[in-house]
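Written out below as structure tokens is the structure these notes cover.
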Amino acid sequence: MILLSIARVLKFALQDFGRNFWVSLVTVTILVLSLFSVNFLVVVDYISQQAIKSVEEKIDLSLYLNADAAEEDISALKRELESVAGVVEVSYVSKAQALESFQSKNRDNQSLQEALREVGKNPLNPSLVVQAKELADYETVINSLDKLSKHTVIESKNFDDHRNLLQSMNTITARTRQIMLLVSFIFIAVTVLVVFNAVRIAIYTHRKEIGVMKLVGASNWFIRAPFLAEAILYSFLGVIAVIAIFYPFIHLLQPYLGSFLNTASVDLVGYFNGHFIIIFGVEFLGASLINIIASSIAVGKYVKV
Amino acid sequence: MITFENVTKFYPPNTNALDNFSLEIKPGEFLSVVGQSGTGKTTMVKLLIGEEKATKGKILVGDWDITNVRPREIPYLRRQIGVIFQDFKLLPAKTLFENVAFAMQVCGHIPSKINLVVPQVLKLVGLEKKIWRYPNEVSGGEQQRAVIARALVHHPKILLADEPTGNLDSINAADIINLLEKINKFGTTVILVTHNKEIVNSLRRRVVTIDAGRVISDQKIGKYIL
Ligand SMILES: Nc1ncnc2c1ncn2[C@@H]1O[C@H](COP(=O)(O)OP(=O)(O)O)[C@@H](O)[C@H]1O
Ligand SMILES: [Mg+2]
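If you read the sequences in order, they're chains A and B. Sequence positions in the first sequence follow our numbering and run 16 to 320. Sequence positions in the second sequence follow our numbering and run 178 to 403.
What follows is the structure, encoded as structure tokens:
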């Protein structure tokens, strides 16, 4: 009985869609544009994350220690560093580890390797590498490190030149988020208006049916449900269409991004594949919710009991 | 069956469409309601099907007080009260069968029941040979009969006919009135709102005359007195 009614509601919704085909087409198109922009924002967010990551990789907050520093002095300093606000991890790099990584980094540089062999012993110092929680924390961490009490074990610090870069990265990230919010808001508003209008037109086209349904005692939900189902149908078609359009788009975008960001770690298609369900699922649910709200307003306004 | 108790219906800015209107209708009655245009007849019909709310007074259908009927109860009220208006309100893109079936579909009936009941009611109104025609392929009288068939699918206890013959010539009008009498004989209470003097006089049934929203005459075997 209920299944039968649901089937009839869906049938009516599909008929609505077909009867106002051009209005439906325009509505879905606007929805696709909105979803496209939302996905574009996902891309922007992803790129800024990758950019931040690549900066983070380059940030090296290292405290170089005296070669003959005592174990307990080093661990005391390590504990002190770990208690600084914003610091997540402090790792100790021994002389041997430092040499190893230096050698592997400069494997192709023959003259450096040569020079190293001539010195005969390990010329590198042990160090403590500090990692901050987030990009935004680095600045405060650096300031705290600057103020660290003079430890005899510290030979030198290396971190000054990153401050400007960090500051501008932080500003850019915050700006991007603000713009994203604004653009999303505008698109959501436009979508609400367009869906509202489409449902209004559908109601107008069906005013006779609605009148008859009311007259013969159709329940109120049965009269209203097709317009809500139509709203969900719009969302569904919109998401399917945006998937079909967006993948070719990011395939085209991908090669440019790699060279622009100068890192190999940009994999947009992979990112979208990996988050397919969450990205498009949330978009479908969000679009459905927005469309149902718009549709309900139209139905509440134009379908009187 | 139906009771109006001192019902007033006020339309802003300054119309009392019904003014302290009282009327009692017994089960199985065939009642004609007459009166000039704008005297509140359609308002009475709209109050009965919950399309409008009374400003004052009380309305009962059976022992159901519908004065302040809630929106979600209205569908159940309308399944008990069939309504026919002057404009036929058939859907032009559907055949007569589909028009009648539509009324059952939207109320959640199963196809096997629909396929059983729809031909029955169409036969009752004499349209068994034309069930696959579209509304514009039959006469006005036949369209009105299809509307009556549609109003009968829920086996209503009450049939309200608001000027059902207003758009018909006298022969077709007489056919519709005969049909209403036939439906009344099966036990349905019929309320006929009309202007038509000949019809009222030939019926020889109870006639209530309304003027300015009040009952000014109520005769057992009535005549059109205006
Ligand atoms: N929705 C409305 N708003 C304001 N006035 C109305 C409305 N409906 C009817 N009226 C007024 O109420 C009075 C009674 O109308 P109605 O019941 O339709 O009369 P009848 O059916 O007897 O011709 C008329 O004066 C009409 O103008
Ligand atoms: Mg009227």
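Idealized CB from N, CA, C, for every residue including glycine. No experiment lies behind these values; they were computed from the predicted model shown.
According to DSSP, simplified to helix, strand and coil, what is residue i?
i, result
"Ile-163 (chain B)", "Here chain B has residues from 178 to 403 only, and residue 163 (chain B) is not among them."
"Ile-404 (chain B)", "One cannot answer for residue 404 (chain B) here, as it falls past the ends of chain B, which runs 178 to 403."
"Ala-147 (chain A)", "strand"
"Gly-296 (chain A)", "helix"
"Arg-215 (chain A)", "helix"
"Phe-242 (chain A)", "helix"
"Tyr-311 (chain B)", "coil"
"Tyr-401 (chain B)", "coil"
"Leu-208 (chain B)", "strand"
"Ser-106 (chain A)", "strand"
"Ser-171 (chain A)", "strand"
Could you please give the first and the last residue of the uninterrupted beta strand (DSSP E) stretch that includes residue i?
i, result
"Ala-280 (chain B)", "No beta strand (DSSP E) holds Ala-280 (chain B); the alpha helix (DSSP H) holding it covers 273 to 282."
"Gln-396 (chain B)", "391 to 396"
"Thr-371 (chain B)", "Premise fails: Thr-371 (chain B) is in no beta strand (DSSP E) and is neither H nor E."
"Phe-187 (chain B)", "179 to 188"
"Gly-259 (chain B)", "258 to 261"
"Arg-383 (chain B)", "383 to 388"
"Leu-78 (chain A)", "76 to 80"
Would you kindly work out how many angstroms separate the C-alpha atoms of residue i and residue j, rounded to a whole number?
i, j, result
"Lys-110 (chain A)", "Ala-100 (chain A)", "28 Å"
"Pro-263 (chain A)", "Gln-269 (chain A)", "10 Å"
"Leu-230 (chain A)", "Arg-255 (chain B)", "7 Å"
"Asn-191 (chain B)", "Gln-282 (chain B)", "41 Å"
"Glu-358 (chain B)", "Arg-381 (chain B)", "12 Å"
"Ala-321 (chain A)", "Ser-250 (chain A)", "With chain A represented from 16 up to 320, any question about residue 321 (chain A) goes unanswered, as that position is not in the structure."
"Glu-201 (chain B)", "Phe-36 (chain A)", "51 Å"
"Thr-404 (chain B)", "Leu-345 (chain B)", "Nothing in the structure corresponds to residue 404 (chain B), since chain B is present only between 178 and 403."
"Thr-220 (chain B)", "Phe-211 (chain A)", "33 Å"
"Leu-224 (chain B)", "Arg-247 (chain B)", "13 Å"
"Glu-275 (chain B)", "Tyr-286 (chain A)", "52 Å"
"Ala-280 (chain B)", "Tyr-253 (chain B)", "13 Å"
"Ala-233 (chain A)", "Phe-299 (chain A)", "30 Å"
"Glu-314 (chain B)", "Leu-329 (chain B)", "22 Å"
"Leu-180 (chain A)", "Ile-293 (chain A)", "33 Å"
"Phe-207 (chain B)", "Ala-204 (chain A)", "56 Å"
"His-266 (chain A)", "Val-284 (chain A)", "7 Å"
"Lys-136 (chain A)", "Ala-66 (chain A)", "38 Å"
Along the chain, where does the alpha helix (DSSP H) containing residue i start, and where does it finish?
i, result
"Glu-201 (chain B)", "Careful: Glu-201 (chain B) lies outside any alpha helix (DSSP H), inside the beta strand (DSSP E) at 192 to 202."
"Ile-325 (chain B)", "317 to 329"
"Leu-301 (chain B)", "288 to 301"
"Ser-126 (chain A)", "125 to 134"
"Glu-358 (chain B)", "347 to 362"
"Gln-30 (chain A)", "17 to 34"
Is it the case that the Cβ atoms of residue i and residue j are separated by a distance below 8 Å?
i, j, result
"Ile-226 (chain B)", "Val-184 (chain B)", "no"
"Val-367 (chain B)", "Ala-338 (chain B)", "yes"
"Phe-242 (chain A)", "Ser-183 (chain A)", "no"
"Tyr-401 (chain B)", "Val-370 (chain B)", "no"
"Val-385 (chain B)", "Val-222 (chain B)", "no"
"Leu-299 (chain B)", "Ile-308 (chain B)", "yes"
"Lys-120 (chain B)", "Ile-387 (chain B)", "Nothing can be reported for residue 120 (chain B), as the shown portion of chain B is limited to 178 through 403."
"Met-195 (chain A)", "Val-24 (chain A)", "no"
"Phe-187 (chain B)", "Arg-391 (chain B)", "no"
"Ile-236 (chain B)", "Ile-335 (chain B)", "no"
"Lys-266 (chain B)", "Val-324 (chain B)", "yes"
Leaving out five residues on either side along the sequence, give the residues of the same chain with a beta carbon under 8 Å from the beta carbon of residue i.
i, result
"Val-198 (chain A)", "Ser-52 and Leu-56"
"Ser-394 (chain B)", "Val-384, Val-385, Thr-386 and Ile-402"
"Ile-308 (chain A)", "Val-207"
"Ile-312 (chain A)", "Phe-211"
I'd like the list of long-range same chain contacts for residue i, defined as Cβ closer than 7 Å, with 5 residues on each side in sequence excluded.
i, result
"Val-38 (chain A)", "Ala-213 and Ile-216"
"Leu-96 (chain A)", "Val-102, Val-105, Leu-143 and Val-145"
"Arg-239 (chain A)", "Val-314 and Val-318"
"Ala-28 (chain A)", "Pro-241, Ala-244, Glu-245 and Leu-248"
"Val-294 (chain B)", "Met-281 and Val-330"
Kindly list the residues whose CB is nearer than 6 Å to the CB of residue i, restricted to its own chain and excluding five residues on each side of it in sequence; keep chain order.
i, result
"Ser-159 (chain A)", "Val-99"
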